[in-house]
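Encoded as structure tokens, the structure appears first; notes follow it.
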Amino acid sequence: MKQPKVSVITVSYNSAASIEKTILSVLEQTYPDIEYIVIDGGSSDGTVDIIRKYSDRIAYWVSEPDGGVYYAMNKGIVAATGDYLQFLNTGDFLMDKDAISSFITHLESDTVVAYGDILCRTSVGDYLQARPPLETLRKYDVLPHPATMVLTVFQKSMPFDTSFRIAADYDFFYKAYFEAKAAFQYIPVTLTAYDAETGLSKDNFVANWKECRRIWGRNPSAAVWIDRMKALIIWWLRGLASHLVPKSRITAYVVEKRRRQRK
């Protein structure tokens, strides 16, 4: 297979504290054909100064107000000229300088959606996100978006639905797998790392659940609703526990549980 060109897209907004590490993890890659795109939402905290610092090595960047994260992602999709594209969120970073090169080595010629592993980082330890079967997409968003590459022409034909505020990436993968029957490929490479500390709190769980109901409604299943109601109850109990148990102990419990799930 010919070496594909990879478009890496970072969207940002007031991310001065974390964007430089993200940018450098892309610019330091050994893979020879990377197009780096940065879409900023009109930051006012110094983010744009950091982007300008590396502008001669960024293929395309813009800073202007937009309608939210998925509007920004869609701008990146329009700008992308690579064969595959990857979204690398501000604060996330590629695992090492050979991450994309190692990932692409395994890529098969007919793959539309390729996904690898993602390292979840917390204050009490790191773990690899669990990798359930793709059929589990009927119930949960199981794909680590920052560790995923999508055939650009396919993504351009199916941009993110901006009527979603939280779950548009889940909506995209759901439609790609169940409706478009796109070819998915798991690649055994830890491509990306991200700070999972805030994710463990599930602060946006209820809002996410409401959006997911729209996605599941296309293929209603009693099992899906039962599983998600269980998750809603667990989220509520975790919130209650957070008032009684130190956050560090809850985080440590979740990290250990997810490490066991991965084995």
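For the sequence shown, the positions run 25 to 287 when the working numbering is used. Backbone N, C-alpha and C fix where the C-beta goes; we use that ideal spot for every residue, glycine too. Small disclaimer: the values here were computed from a predicted structure and weren't measured.
Quick one: what's got a C-beta closer than 7 Å to residue i's C-beta in the same chain, skipping five residues either side?
i: residue 49; result: 117 and 118
i: residue 178; result: 136 and 206
i: residue 91; result: 186
Return the CA-CA distance between residue i and residue j, expressed in angstroms with no decimal places.
i: residue 61; j: residue 76; result: 13 Å
i: residue 82; j: residue 28; result: 18 Å
i: residue 145; j: residue 219; result: 5 Å
i: residue 217; j: residue 241; result: 32 Å
i: residue 167; j: residue 187; result: 21 Å
i: residue 232; j: residue 250; result: 16 Å
i: residue 224; j: residue 107; result: Caution applies to residue 224, whose pLDDT of 40 falls short of 50 and renders its modelled position unreliable; the value that the coordinates give is listed next. Approximately 34 Å, taken between the alpha carbons.
i: residue 121; j: residue 152; result: 19 Å
i: residue 65; j: residue 110; result: 19 Å
i: residue 134; j: residue 209; result: 9 Å
i: residue 128; j: residue 239; result: 31 Å
i: residue 195; j: residue 71; result: 29 Å
i: residue 33; j: residue 52; result: 15 Å
i: residue 139; j: residue 131; result: 10 Å
i: residue 36; j: residue 203; result: 31 Å
i: residue 58; j: residue 173; result: 13 Å
i: residue 254; j: residue 234; result: 15 Å
When every heavy atom of the ligand FMN is checked, does at least one fall within less than 6 Å of the C-beta of residue i?
i: residue 108; result: With respect to the ligand FMN, the structure shown offers nothing to examine, as it has no ligands at all.
Since residue i is in the alpha helix (DSSP H), which residue starts that stretch and which ends it?
i: residue 192; result: 192-198
i: residue 36; result: It is not in any alpha helix (DSSP H) - residue 36 instead sits in the beta strand (DSSP E) that spans 30-36.
i: residue 166; result: Unbroken run through residue 166: none, as it is neither H nor E.
i: residue 102; result: 93-103
i: residue 73; result: 71-77
If I measure Cβ to Cβ from residue i and keep anything under 6 Å in the same chain, skipping five residues before and after, which residues do I get?
i: residue 192; result: 94, 184 and 185
i: residue 103; result: 61 and 84
i: residue 164; result: none
Per DSSP, which residues does residue i bridge with? Please list them.
i: residue 218; result: 144
i: residue 185; result: Answer is none; residue 185 lacks a bridge partner.
i: residue 138; result: 173 and 209
i: residue 233; result: Answer is none; residue 233 lacks a bridge partner.
Note down, in chain order, each residue of its chain lying with its Cβ closer than 8 Å to the Cβ of residue i, except the 5 sequence neighbours on either side.
i: residue 142; result: 152, 153, 168, 170, 171, 214, 215, 216, 217 and 218
i: residue 74; result: 40, 43, 44 and 47
i: residue 155; result: 141, 166, 210 and 286
i: residue 67; result: 36, 37, 38, 39, 40 and 87
At what residues does the beta strand (DSSP E) containing residue i begin and finish?
i: residue 61; result: 58-64
i: residue 111; result: 108-111
i: residue 152; result: 149-152
i: residue 67; result: Premise fails: residue 67 is in no beta strand (DSSP E) and is neither H nor E.
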